[in-house]
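A.B. asks: From first to last, the protein sequence lines are chains G and Y.
Last residue of the first sequence: number 345 in numbering that gives the first Met the number 0, and the count goes up by one each step with no gaps.
Last residue of the second sequence: number 343 in numbering that gives the first Met the number 0, and the count goes up by one each step with no gaps.
Idealized CB from N, CA, C, for every residue including glycine.
Values in this document were obtained by computation on a predicted structure and should not be read as measured data.
Here you go, one structure.
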Amino acid sequence: MATESRDYTEATETDRELTMSRAMVEAIAWEMRENEEVFYMGEDVADYGGIFSSTTGLLDEFGRDRVMDVPISETAYLGAAVGAAQAGMRPIAELMFVDFFGVAMDQIYNNMAKNTYMSGGSFSVPMVLTTAVGGTYNDAGQHSQTLYGTFAHLPGMKVVVPSTAYDAKGLMHSAIRDDDPVVYMFHKRLMGLGWMPSPSGPKTGVPKEDYTIPFGKADVKRPGDDVTVVTLGLHVHRAMEAAEQLDDDGIDAEVIDLRTLVPLDTETVLDSVRKTGKLLVVDEDYQSFGVTGEIIARAAEGALDDLSAVKRLAIPDVPIPYARSLEDEVNPGTDDIAAAVRELHE
Amino acid sequence: MYEQMVTARHYEERLVDEYLVGKQPAFDISAGPIPGELHLAAGHEASGAGVCMHLRDDDTVTAPHRPHHIAIAKGVDLKRMTAEIFGRKTGLCRGKGGHMHLFDPDVNFACSGIIAQGCPPAVGAAMAAKKRNTDSVAVAFLGEGAIDQGGFLESLNLAAVHDLPVVFVVEDNDWAISMPKDRVTDVQNGAQRAAGFDLPGVRIDSDDATAVYEAAGEAVMRARDGNGPTLIEVQVHRRMGHFMGDAEAYRPEADIDRAKERDSIERLAEDLRSHGVTDDELDEIRERAHERVEEAISWAKEQPEPGPEEAYENVFTNPPAQAATDGGSAADASGDADEMGGDN
């Protein structure tokens, strides 16, 4: 297997733009070509190509033995991925919607995440659990959650949340090569699906060659001096839009895309907070006990004296509603972010 | 096979002695040299030995929370396993697993504390074997109380539909903690459930190690030859409580007596005698087993406990380069992309 890696900032400039799903699949296909031990399994991943296009085209190149449709039995196939990973293979197992984790959480957090620790390091579990997250398309409470905090809270899993095609590819290469279980959470709204339009941000230039993005390195998407906005996933793009609006008002927002929750790049957040003194955290997960509280706690622990104001925007602890007006109300929008930054800036 | 069974029985008898040290007269589960719960498998030996006799080191076994007899039969390092049970640094899992979570990569053994949890990973090991075109197999052991778990039934289905080399072995000791089998299922012959997945199912209606050996031989060969999974149910007996400290108030006296009367080890000894093995020879085997057990226990007790700092190790095989909560530099973590994207 090739091990060449480099910092994302040094990547080749390219005119070729890909959607996030195409970028993900390109990394998976590259790794499958290089390493016969990599295989992909999940529901509707072979003939369908993944409900969210996470595996489009892989069946044609790699066949059913390496791109496996499985029965609707998440406990069995996610647990089987653990067993295959402990045997030294590198399975990628897809949980179609993160909302379905409940039927298989035992295999995820008691086996996948803990077996390395409980075995005293004698077993590794080098698997990737891919899963679709997020709302904004009116699919209600069982198909629209993000649940970033749930997976990041439980020790033993690395948790990755790409927001652009460039990151999606580099983080997928890193995830597959990593010796630990990685939960790779892709937002449906960013994938570039024909039936669910993306904002303009996630489609980016993507080099043809392979490259890795190290875990634990946040991306400062937009430097700014007045307020720090920390976010991830879909809300990176909403925060960027908000920052453009704010710029017209003379407010200079710095936008940080966390990219990985485990490990978390605390230092980049602290550096920014030391500069701006004001912190807004935006998250599509539930507010309580989640990413927003965690980031603010770390900022308080590491840079309390520099902080003059903090605020958070997240789903206000209600299940995701169905009706458009209700979902729009609870899911932080661009205007909500801009308003929160203005409030902090006053 | 007899030696494995005698070793397992004596091992558990000795664990009882050690476990009770410091826990009497007032029972305190956290006191004494062996911390935590202890689930003993005395009375289950026929299944572990009868099945594992057919297995090689490269075959995978997953066992449930009552794992010692299976681990011994699979060839798990007895000294390091004992050290693990005593919570020592040199234990199989460096003191992080304990008796319900033993892992030995040298013989591909793992066990777990949640009912039927080992079934999907066994299917995964079988999947790996098939993909790699090896002839190794996987065996998932579980108790009869686990056969109503979705994970077991999902695993049977997944293994069946992909013709995977896996054998499911149900140890039926009649009791799921305090629940007797007839109150949890109307299917008294658990092996019949195989029919629902179009698989062969075999029930050994007695704790006859020889019969287990023969049935398992067929099932393992079937798996190795690429002909798919088999379900075996073995009647065993629970000679002790569910866990050490269980007063078994729910269990009729007659049931406990019957469990002790029907002893697979005695039964196998009779068989061996009838085939001309002398008492002296059986004694010799027993002595050898006892010595091995004593040696493992003495060694384990001499081992040091892990240092407190080790609690922070092994969360990841490839740990992030910094502890995120200590205010350390995350930038350090990005410096070595090769490490983060580590090859295997």
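With 16 as the cutoff for other CB atoms within 10 Å, does A322 of chain Y come out buried or exposed?
C.D. replies: Residue placement at A322 of chain Y is poorly supported in this model, since its pLDDT is 48, which falls under 50; the coordinates still yield a value, given next. By the 10 Å Cβ count, A322 of chain Y comes out exposed.
A.B. asks: Could you name the residues of the segment 263-280 of chain Y whose beta carbon sits closer than 9 Å to any beta carbon of chain G, in the order they occur along the chain?
C.D. replies: none
A.B. asks: Indicate the three-state DSSP secondary structure (helix, strand or coil) for D207 of chain Y in the structure shown.
C.D. replies: D207 of chain Y: coil per DSSP, three-state reduction.
A.B. asks: Grouping DSSP H, G and I as helix and E and B as strand, with all else coil, what is T18 of chain G?
C.D. replies: coil
A.B. asks: Starting from H186 of chain G, trace the beta strand (DSSP E) both ways and give me its first and last residue.
C.D. replies: 181-186
A.B. asks: P222 of chain G CB to nearest chain Y CB: under 9 Å?
C.D. replies: Contacts with chain Y at 9 Å (Cβ-Cβ) do not include P222 of chain G.
A.B. asks: For V138 of chain Y versus V165 of chain Y, is the C-beta spacing smaller than 9 Å?
C.D. replies: yes
A.B. asks: So, is I264 of chain Y buried or exposed, given that buried needs 16 or more other C-beta atoms within 10 angstroms?
C.D. replies: buried
A.B. asks: Work out the CA separation of Y1 of chain Y and I294 of chain G for me, nearest whole Å.
C.D. replies: 60 Å
A.B. asks: Taking three-plus beta-carbon pairs below 8 Å as touching, is the segment 178-186 of chain G in contact with the segment 204-213 of chain G?
C.D. replies: no
A.B. asks: Can you tell me which of the three DSSP states W194 of chain G falls into?
C.D. replies: coil
A.B. asks: Let's see if you can read the secondary structure: which residues bound the alpha helix (DSSP H) around V309 of chain G?
C.D. replies: Not the alpha helix (DSSP H): V309 of chain G falls in the beta strand (DSSP E), residues 308-314.
A.B. asks: Determine the chain G residues that contact F242 of chain Y at a beta-carbon separation under 8 Å, and present them in chain order.
C.D. replies: Within 8 Å Cβ-Cβ: nothing; F242 of chain Y doesn't reach chain G, min ~19 Å.
A.B. asks: According to a CB-to-CB cut-off of less than 8 Å, which residues of the segment 39-52 of chain Y neighbour chain G?
C.D. replies: none
A.B. asks: Considering just the uninterrupted stretch of the beta strand (DSSP E) at K220 of chain G, what are its terminal residues?
C.D. replies: 218-221
A.B. asks: Which residue wins for smallest C-alpha separation from A22 of chain G, given the options G:A338, G:M190, G:E328?
C.D. replies: The candidate whose alpha carbon is nearest that of A22 of chain G is G:M190.
A.B. asks: Could you tell me the distance, in whole angstroms, from the CA atom of M31 of chain G to the CA atom of V66 of chain G?
C.D. replies: 10 Å
A.B. asks: Can you grab the Cα-Cα spacing for the pair S143 of chain G / A115 of chain Y, in whole Å?
C.D. replies: 30 Å
A.B. asks: Can you say whether E25 of chain G is buried or exposed, counting buried as having 16 or more other CB atoms within 10 angstroms of its CB?
C.D. replies: buried
A.B. asks: State the CB to CB distance for the pair V340 of chain G and V228 of chain G, rounded to an integer number of angstroms; the pair is presumed to be in contact (CB under 8 Å).
C.D. replies: 7 Å
A.B. asks: Please compile the residues from chain Y whose C-beta is within a distance smaller than 8 Å of the C-beta of M117 of chain G.
C.D. replies: C92, K95, G96, H100, F102
A.B. asks: Tell me the rounded alpha-carbon separation between G140 of chain G and L325 of chain G.
C.D. replies: 12 Å
A.B. asks: Have a look at A125 of chain Y and H53 of chain Y and give me their C-alpha separation to the nearest angstrom.
C.D. replies: Near 16 Å, if we compare the C-alpha coordinates of H53 of chain Y and A125 of chain Y.
A.B. asks: Skipping 5 residues on each side, what residues in its chain have a beta carbon closer than 8 Å to that of N156 of chain Y?
C.D. replies: F196
A.B. asks: At the level of alpha carbons, what is the spacing between G144 of chain Y and V233 of chain Y?
C.D. replies: When rounded, the distance between both Cα atoms is 13 Å.
A.B. asks: Examine the Cβ distances between the segment 236-247 of chain Y and the segment 165-175 of chain Y and report whether three or more of them are shorter than 8 Å.
C.D. replies: yes
A.B. asks: From K216 of chain G to D57 of chain Y, what does the alpha carbon distance come to, in whole angstroms?
C.D. replies: Each residue's alpha carbon lies about 39 Å from the other.
A.B. asks: With 8 Å as the C-beta to C-beta threshold (strictly closer), list the residues of the segment 304-321 of chain Y near chain G in chain order.
C.D. replies: E312, N313, V314, F315, T316, N317, P319, A320, Q321
A.B. asks: Using 10 angstroms around the beta-carbon of I336 of chain G, count the other beta-carbons present and answer buried if the total reaches 16, otherwise exposed.
C.D. replies: By the 10 Å Cβ count, I336 of chain G comes out buried.
A.B. asks: Give me the subset of the segment 102-121 of chain Y whose CB atoms are less than 8 Å from a CB atom of chain G, sorted by chain position.
C.D. replies: When C-beta distances to chain G are compared with 8 Å, the residues of the segment 102-121 of chain Y below that value are F102, D103, P104, N107, A109, S111, I113, Q116, C118, P119, P120, A121, in chain order.
A.B. asks: Is T81 of chain Y close to chain G? Criterion is C-beta to C-beta, closer than 9 Å.
C.D. replies: Not one chain G Cβ lies under 9 Å of T81 of chain Y.
A.B. asks: Check V340 of chain G in the structure and name its three-state DSSP category.
C.D. replies: V340 of chain G sits in a helix when the DSSP states are folded into three classes.
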